[in-house]
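Below: the structure, in structure tokens.
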Amino acid sequence: MPETPLPELRHTAAHVLAYAVQDLFPDAKPTIGPAIENGFYYDFDRTTPFTPEDLERLEGRMREIVAADYPMIGREVTREEAIKHFRDNPYKLEIVEQIPRGEPITLYTIGDFTDLCRGGHAKRTGEIRAFKLQNVAGAYWRGDENNAMLQRIYGTAWHNQHELDAYLLQLEEAQRRDHRKLGAELDLFSIEEEAGSGLIFWHPKGAVVRGILEEFIREGLRERGYLPVVTPHVVSERLYETSGHLENYAQNMFGPIDVEGQRFRVKPMNCPGHILIYKSRPRSYRDLPLRYSEFGTVYRFERSGVLHGLTRVRGFTTDDAHLFCAPDQLQREFEQTLEEALRLMNAMRFEDFFCYLSTREELKRGDTDDAAEAAIRAALERSNLPFQIDEGGGAFYGPKLDINVRDAIGRTWQLGTVQVDFMLPERFGLAYRGADGRDHRPVMIHRALAGSMERFFGVLIEHFAGAFPAWLAPVQAVVVPIAEGQLAYAHESAAQLRGAGFRVEVDESNEKLGHKIRHWKTEKVPYILVAGKQEVEQGTLNVNERGVEAKRTISLASFIEELRAVVSSRG
Ligand SMILES: [Zn+2]
Ligand SMILES: [Zn+2]
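Heads up: the sequence shown begins at 13 in our numbering, then just goes up one per residue.
So, in structure tokens, the structure goes:
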């Protein structure tokens, strides 16, 4: 017999959980219980909060229900029967009411617990061989903050214990790497509630890493002929009327702000600004492709419920660029953005890199889409990049490519996107004079490869578990004198290292050596350089390299040479 697909198994586990809750906490009203990525949840309306001990008891009862191996029995009922069955549960009644007339209403029963459900289950409860309840969180009924606050119990379920153990281990590892936790521990960034949610304060160490990332990206842009531009943050709303953002995106835009009777907006994207620069003078086919780049800071209104550390924020900076080209240049331009993306992802040592190409079936506009899609496919094939097609998932203005990476512990993250756009050039009336002396419409490519610098940084913190490679590390080395007598030598060495372009600190504390070393290890500094009497006499340093057991004593000059090689190779 084939294994039940995980989503169905997990959803069945949600039923089992609700059964256990019915038995142990009859005052709780079950609402909904879907499968989610890696697990399931069930929302209950109950005045008393579920405690960790409650979860343990529930798990125990669930084990009994699983062991009893109840069959999952479904039956279709009339609306009246359903209403009668759920007369004490306003949530289920609301769901029943919303099922359109003529559509079947089905109830599913295991043991003596019956739930309203559309179906998609394991055949028997015994199939749930490995599960665990994880935690409880608050959740509004139907995700609406005007509704009742429910208690959501999260759990996970797998085909076998081995899979469950592997998942729990990965979860633990993910918690250890949580960028919010590491961000505070390593003093990289903070979110200050006093200033509002979803806004990131980059502390000096975080800002140093960001500066290096930006410089790395700029270097690639310069090589590929991108031109830097800088555009304003608050602009007239008319711009977004023309672009169509006001129509399609207003709910995510901050503002309007009144400026002498005119409505202004905080920019949610950089495209219109770059378009205005394109439009500021006549363009000829000889000017194309034109590539404008900007680390453009944008603000988008996200509901507080979805905000998360650096990965979902209200203000962020994208490594944005807009390419204006002739249709026959599209493929080459797309290829070079992919080369650029590869350069970035390789430097960050992501395990894997793959793309989703989203096309737009229904919104397709003439042959332009076909040509664009063909060009993107050809570019992908030439770049030898693995990709999958998501038919119909494209943006409303054209096909797009999403760049995904797999991090050090196997999680995937979506980072940048490359999008082909026929619409904005049209809306803004962009043109270039062709070789034929006539005006033509350019095609636009929007591309951000790191995506948001905030999100990218968050992903990198987790990917490296805060231990940035030497070229990215905010502090690359620390000189630690064993005693007061070596402090001057430590400062002298640090000065020479800084003079050579490195980011170096000196430990001036009065702690014992072991304590100092432990401290700098928790700071995840790549090189701890110890200076004792002998080192001072010989003009050397004792190198304690992160992740390397053996220590070695070398001259300052050879350490500088070594570090220079490591940094320049981004090793
Ligand atoms: Zn169900
Ligand atoms: Zn754009």
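Beta carbons are placed, not taken as given, at the ideal position from N, Cα and C, and that holds for glycine.
Note that the coordinates shown come from a computational prediction; the quantities given were computed from them, not determined experimentally.
Margin query: Strictly by DSSP, which residues pair up with Gln426?
Written below: BP columns for Gln426 point to Asn416.
**Item:** Around ligand 2, Cβ to any heavy atom closer than 5 Å, ordered along the chain
**Value:** Counting every residue whose Cβ lies closer than 5 Å to a heavy atom of ligand 2, we get Cys283 and His458.
TODO: Return yes when the Cβ of Val33 is within less than 7 Å of the Cβ of Ala25, no when it is not.
DONE: In this structure, Val33 does not lie closer than 7 Å to Ala25 by Cβ.
Query raised in the report: Contact check, Ala149 vs Asp57 under 8 Å by CB: the rounded distance?
Result: About 14 Å separates the beta carbons of Ala149 and Asp57, which is beyond the 8 Å limit, so they are not a contact pair.
Check your understanding: Tell me the DSSP bridge mates of Pro83?
Key -> Pro83 has Arg136 as its beta-bridge partners, per DSSP.
| said: If you measure between the beta carbons of Ala479 and Lys533, is that distance less than 7 Å? | reply: No.
Is it buried or exposed, Gln498, if we count other Cβ atoms within 10 angstroms and call 16 or more buried? With 16 or more neighbouring CB atoms inside 10 Å of its own CB, Gln498 falls in the buried class.
Exercise. Compute the minimum distance between the beta carbon of Cys337 and the heavy atoms of ligand 1, and state whether it is under 6 Å.
Key: Checking every heavy atom of ligand 1 against the Cβ of Cys337, none is found closer than 6 Å.
Q | Option in Tyr82, Ala80 and His97 with minimal Cα separation from Glu88 | A | Out of Tyr82, Ala80 and His97, His97 has the C-alpha closest to the C-alpha of Glu88.
Following a CB-centred definition, is Cys367 positioned closer than 6 Å to any heavy atom of ligand 1?
No - ligand 1 has no heavy atom lying nearer than 6 Å to the Cβ of Cys367.
In this structure, what does DSSP give as the bridge partners for Arg324?
Note: Arg324 sits in a beta bridge opposite His320.
| Continuous alpha helix (DSSP H) stretch holding Lys104: start and end | Counted as a single uninterrupted DSSP element, the alpha helix (DSSP H) harbouring Lys104 occupies residues Pro102 to Gln110.
Do you know whose CA, among Glu259, Ala80, Glu49 and Lys135, lies nearest Tyr120's CA? Closest by C-alpha distance to Tyr120, out of Glu259, Ala80, Glu49 and Lys135, is Lys135.
If you draw a straight line from the alpha carbon of Lys104 to that of His171, how long is it in whole angstroms? Looking at the two C-alpha atoms, the distance is approximately 30 Å.
| message | In this structure, how does DSSP classify Leu461 when only helix, strand and coil are distinguished? | response | Looking at Leu461 - three-state DSSP - the assignment turns out to be strand.
Note to self: Less than 7 Å between the beta carbons of Pro339 and Thr371, yes or no?
What the structure shows: Remark: C-beta atoms of Pro339 and Thr371 do not approach each other more closely than 7 Å.
### Task
Quickly, what does DSSP pair Val4 with across the bridge? List them, please.
Outside the shown range of the chain, which is 13 to 583, sits residue 4, and nothing can be said about it.
### Task
Measure the C-alpha to C-alpha separation of Arg15 and Arg69 and round it to an integer number of angstroms.
This sequence places Glu at residue 15; Arg is not what is there. Computed Cα separation, rounded: 28 Å.
Q: Would you identify the three-state DSSP class for Asn147, choosing helix, strand or coil?
A: It is a strand residue.
- [ ] Identify the continuous alpha helix (DSSP H) that holds Trp532 and give its terminal residues.
- [x] Residue range Leu525 to Thr534 is occupied by the alpha helix (DSSP H) that includes Trp532.
- Message: Using only the alpha-carbon positions, how far apart do Ile473 and Glu504 sit?
- Response: A direct Cα-Cα distance of roughly 32 Å separates Ile473 from Glu504.
- Item | C-alpha gap between Ala219 and Gln348, whole angstroms | So the two alpha carbons sit approximately 28 Å from each other.
Next on the checklist: Assuming Ile415 and Cys367 are in contact, meaning their beta carbons sit under 8 Å apart, how far apart are those beta carbons, in whole angstroms?
Outcome noted: About 6 Å separates the two Cβ atoms, so the contact holds.
Checklist entry - Ends of the alpha helix (DSSP H) at Arg189? => result It spans Gln173 to Arg189 - the alpha helix (DSSP H) in which Arg189 sits, taken as one unbroken run.
Could you name the residues of the same chain whose beta carbon sits closer than 8 Å to that of Glu314, not counting the 5 residues immediately before and after it, in chain order?
-> So the qualifying residues of the chain are Gly210, Asn264, Arg324, Val325 and Arg326.
query: Closest to Thr522 by CA distance: which of His531, Asp156, Phe514 and Ala80 is it?
result: The sequence as given places Asn at residue 522; Thr does not occur at that position. Looking at the Cα atoms, His531 is the closest of the given residues.
Mapping the DSSP letters down to three states, classify Cys129 as helix, strand or coil. In this structure, DSSP gives Cys129 a state outside helix and strand, which the three-state scheme calls coil.
By Cβ distance below 7 Å, which residues in the same chain neighbour Trp214 in space, the five residues on each side in sequence not counted?
For Trp214, the CB contacts under 7 Å within the same chain, skipping 5 residues up- and downstream, are Phe201 and Arg222 in chain order.
**Message:** Quick check: the Cα distance between Gly308 and Val417, rounded to an integer number of angstroms?
**Reply:** Looking at the two C-alpha atoms, the distance is approximately 23 Å.
Just to confirm my understanding: we take Arg130, look at its own chain, exclude 5 residues before and 5 after, and list those with CB closer than 7 Å. What are they?
Around Arg130, the same chain offers Thr118 as residues with beta carbons nearer than 7 Å, after the five sequence neighbours per side are excluded.
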